[in-house]
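Enquirer: Mapping of the sequence shown onto numbering that gives the first Met the number 0: residues 0 to 281, in sequence order.
Just so you know, even glycine gets a beta-carbon here, dropped at the ideal spot from N, CA and C.
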Amino acid sequence: MPPRASWTGHLRLSLVSFPIRLYNATTTSSRVSFNQLHKDCNQRLKQQMICPQHGPVERSDIVKGYEYEKDRYVLMDEADLTRVKIETNKVIEVTQFIDAGELDAVYLDSPYYMAPDGPVAEEAFRVIREALRKSRKIGIARIVLASREYVCALRVQEKGFVLTTLRYPGEVRQAEPYFEDIKNGDLGKEQLALAEQLIDGLAAPFDASKFNDRYQDALLEIIKAKIAGTEPVVVQEAEVGKVINLMEALKASVSQAVGKKPPAKSVKAAAAAKPQKKAKGA
0 MPPRASWTGH
10 LRLSLVSFPI
20 RLYNATTTSS
30 RVSFNQLHKD
40 CNQRLKQQMI
50 CPQHGPVERS
60 DIVKGYEYEK
70 DRYVLMDEAD
80 LTRVKIETNK
90 VIEVTQFIDA
100 GELDAVYLDS
110 PYYMAPDGPV
120 AEEAFRVIRE
130 ALRKSRKIGI
140 ARIVLASREY
150 VCALRVQEKG
160 FVLTTLRYPG
170 EVRQAEPYFE
180 DIKNGDLGKE
190 QLALAEQLID
200 GLAAPFDASK
210 FNDRYQDALL
220 EIIKAKIAGT
230 EPVVVQEAEV
240 GKVINLMEAL
250 KASVSQAVGK
260 KPPAKSVKAA
270 AAAKPQKKAK
280 GA
């Protein structure tokens with residue numbers, strides 16, 4: 000049984016509409032987190048709001064304000080915020096479809112799993128899912144989450160959808176200032192060929208299960224050692240060698256990558272391994 004949905008509403012595509020549920024696709028529960036303690040007694044510290052004029056403030060005395068000029072605010076209460084109602088409050092409306100290659104990864108924000116909300120919605124959900132799968136497109140829609148409207152991308156994953164909220168252009172820094180000092184010009188053909196060979200030698204299908212947070216693993220080992228009262232074993236950081244001769248470094252890297260890759264069967268070897276069919280009358 001799936002966990003509790005983080006959002007419920009409707010997915011609408013033109014005149015087709017059906018109820019859906021969203022579930023958080025990621026979690027931070029496995030991350031190591033620390034509490035702030037008082038150095039003298041190890042009691043956990045509590046955060047407190049302080050007014051520079053009146054000192055500590057009770058939570059009931061806190062209001063929201065928007066700074067429209069330096070040190071000048073307009074106050075906003077819950078009644079003001081509830082007046083902000085737009086059409087996408089409980090509806091995810093798909094407005095267009097794009098090729099997967101058109102969506103720059105820098106705009107991707109938070110992913111959610113989408114499933115139908117009940118058996119009545121399942122038929123329409125499956126029809127739209129299969130049509131989108133065959134089109135090899137990504138749907139672009141709008142959704143309101145936590146009192147904010149997001150543009151989102153909708154793509155098929157297995158038997159359902161993954162909805163990913165997108166950052167707005169104003170939230171993404173343009174790349175040009177960071178790359179403007181990189182020079183253009185011709186590259187050595189031999190060096191380029193070796194670099195391509197290196198990439199090919201390290202090419203493999205992506206398997207997320209093969210990766211883990213090595214920093215967190217090492218941090219947990221130190222924490223366990225301190226709990227047990229033993230001296231933790233600290234692994235020394237690997238030294239990164241300076242590249243003095245690019246060509247020699249590329250050749251050595253290609254040789255190392257090729258050595259790690261299992262050898263491909265030759266055509267002759269594959270043919271020899273095949274069982275030969277007996278000739279008629281033999």
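Which of helix, strand or coil does DSSP assign to serine 208?
Expert: For the purposes of this step, residue 208 is identified with residue 209 of the sequence shown, where counting begins at 1. It is helical.
Enquirer: Count the other C-beta atoms from every protein chain shown that fall within 10 angstroms of the C-beta of aspartate 98, then say buried if there are 16 or more, exposed otherwise.
Expert: Position 99 of the sequence shown, counting from 1, holds the residue named residue 98. Exposed: under 16 other Cβ atoms inside 10 Å.
Enquirer: Assign glutamate 309 to one of three DSSP states: helix, strand, or coil.
Expert: The question about residue 309 has no answer, for the chain in this structure spans 0 to 281.
Enquirer: Measure the Cβ-Cβ separation of arginine 11 and isoleucine 91 and say whether it is below 8 Å.
Expert: As a position in the sequence shown, residue 11 is number 12, starting the count at 1. As a position in the sequence shown, residue 91 is number 92, starting the count at 1. Between arginine 11 and isoleucine 91, the C-beta gap is smaller than 8 Å, which places the two residues in contact.
Enquirer: Once you ignore the five residues that flank alanine 271 on each side, which residues in its own chain have a CB closer than 6 Å to its CB?
Expert: The residue you call residue 271 lines up with position 272 of the sequence shown. In this prediction, alanine 271 has a pLDDT of 48, which is less than 50 and means its spatial position is unreliable; nothing more can be read from the coordinates.
Enquirer: Please go through the same chain and pick out, in chain order, the residues whose beta-carbon is closer than 6 Å to the beta-carbon of serine 16, but skip the five residues on each side of it.
Expert: Indexing the sequence shown from 1 puts residue 16 at position 17. Counting only Cβ-Cβ distances below 6 Å, and skipping sequence neighbours, we find His9.
Enquirer: To the nearest angstrom, how far is the alpha carbon of proline 115 from that of serine 208?
Expert: Counting from 1 along the sequence shown, the entry for residue 115 is found at position 116. Counting from 1 along the sequence shown, the entry for residue 208 is found at position 209. Linking proline 115 to serine 208 through their CA atoms gives a straight-line distance of about 28 Å.
Enquirer: If you draw a straight line from the alpha carbon of valine 73 to that of serine 5, how long is it in whole angstroms?
Expert: Translated into the one-based positions of the sequence shown, residue 73 becomes position 74. Translated into the one-based positions of the sequence shown, residue 5 becomes position 6. Answer to the nearest angstrom: the Cα atoms are 31 Å apart.
Enquirer: Compute the Euclidean distance between the alpha carbons of leucine 165 and alanine 140, then round it to the nearest angstrom.
Expert: As a position in the sequence shown, residue 165 is number 166, starting the count at 1. As a position in the sequence shown, residue 140 is number 141, starting the count at 1. So the two alpha carbons sit approximately 10 Å from each other.
Enquirer: Quick one: give me the first and last residue of the alpha helix (DSSP H) that leucine 193 is part of.
Expert: For the purposes of this step, residue 193 is taken as residue 194 along the sequence shown, with counting starting at 1. 188-200 is the extent of the alpha helix (DSSP H) around leucine 193.
Enquirer: What does the Cβ neighbour count give for alanine 152, buried or exposed, with the cut at 16 atoms within 10 Å?
Expert: Here residue 152 is taken as the residue at index 153 of the sequence shown, counted from 1. Buried, because 16 or more other Cβ atoms sit within 10 Å of the Cβ of alanine 152.
Enquirer: Have a look at the DSSP bridge pairing and note the partners of arginine 166.
Expert: As a position in the sequence shown, residue 166 is number 167, starting the count at 1. Paired residue(s): none; arginine 166 is not in a bridge.
Enquirer: What would DSSP say about lysine 89, mapped onto helix, strand or coil?
Expert: Reading the sequence shown from its first residue, position 90 is the one you call residue 89. If DSSP states are grouped into helix, strand and coil, lysine 89 belongs with coil.
Enquirer: From threonine 7 to leucine 144, what distance separates their C-alpha atoms?
Expert: As a position in the sequence shown, residue 7 is number 8, starting the count at 1. As a position in the sequence shown, residue 144 is number 145, starting the count at 1. About 11 Å.
Enquirer: Counting pairs of beta carbons, one from the region 171-182 and one from the region 127-136, are three or more of them closer than 8 Å?
Expert: no
Enquirer: Below 8 Å, can you find three or more Cβ-Cβ pairs linking the region 97-112 to the region 50-70?
Expert: no
Enquirer: Can you give me the Cβ contacts of arginine 20 inside the same chain, cut-off strictly under 6 Å, excluding the 5 residues immediately before and after it?
Expert: Residue mapping note: residue 20 aligns to position 21 of the sequence shown, counting from 1. So the qualifying residues of the chain are Ala4, Thr7, Ala114, Asp116.
Enquirer: Which same chain residues end up closer than 7 Å to asparagine 23 when comparing Cβ atoms and leaving out the 5 residues on each side of it in sequence?
Expert: Position 24 of the sequence shown, counted from the first residue, corresponds to residue 23. Only Ser5, Tyr111 meet the Cβ criterion.
Enquirer: Measure the C-alpha to C-alpha separation of alanine 203 and valine 155 and round it to an integer number of angstroms.
Expert: On the sequence shown, position 204 is the one that residue 203 refers to. On the sequence shown, position 156 is the one that residue 155 refers to. In a straight line, the C-alpha of alanine 203 is about 23 Å away from that of valine 155.
Enquirer: If you follow the beta strand (DSSP E) that glutamate 68 is part of, which residue opens it and which one closes it?
Expert: Within the sequence shown, the letter at position 69 stands for residue 68. Note, glutamate 68: beta strand (DSSP E), 63-68.
Enquirer: Given alanine 194, which residues of its chain have a CB within under 7 Å of its CB, disregarding the five upstream and five downstream residues?
Expert: Counting from one through the sequence shown, the residue named residue 194 turns up at place 195. If we look at alanine 194 and ignore the five residues flanking it on each side, its Cβ neighbours are Leu249.
Enquirer: Looking at the unbroken alpha helix (DSSP H) that takes in glutamate 129, where does it start and where does it end?
Expert: Translated into positions along the sequence shown, residue 129 becomes position 130. Counting along the chain, the unbroken alpha helix (DSSP H) around glutamate 129 starts and ends at 121-134.
Enquirer: What residue from Thr26, Leu14, Thr27, Val31 has the CA that sits closest to lysine 223's CA?
Expert: Position 224 of the sequence shown, counting from 1, holds the residue named residue 223. Answer by Cα proximity: Val31.
Enquirer: Bridge partners for arginine 43 per DSSP, in chain order?
Expert: Here residue 43 is taken as the residue at index 44 of the sequence shown, counted from 1. Note: arginine 43 sits in a beta bridge opposite Leu36.
Enquirer: Judging by CA-CA distance, which residue of Leu162, Ala123, Ala217, Pro55 is the nearest neighbour of glycine 108?
Expert: What you label residue 108 is simply residue 109 of the sequence shown in a count that begins at 1. Reading the sequence as shown, one finds aspartate at residue 108 and not glycine. Cα-wise, what sits closest to aspartate 108 is Leu162.
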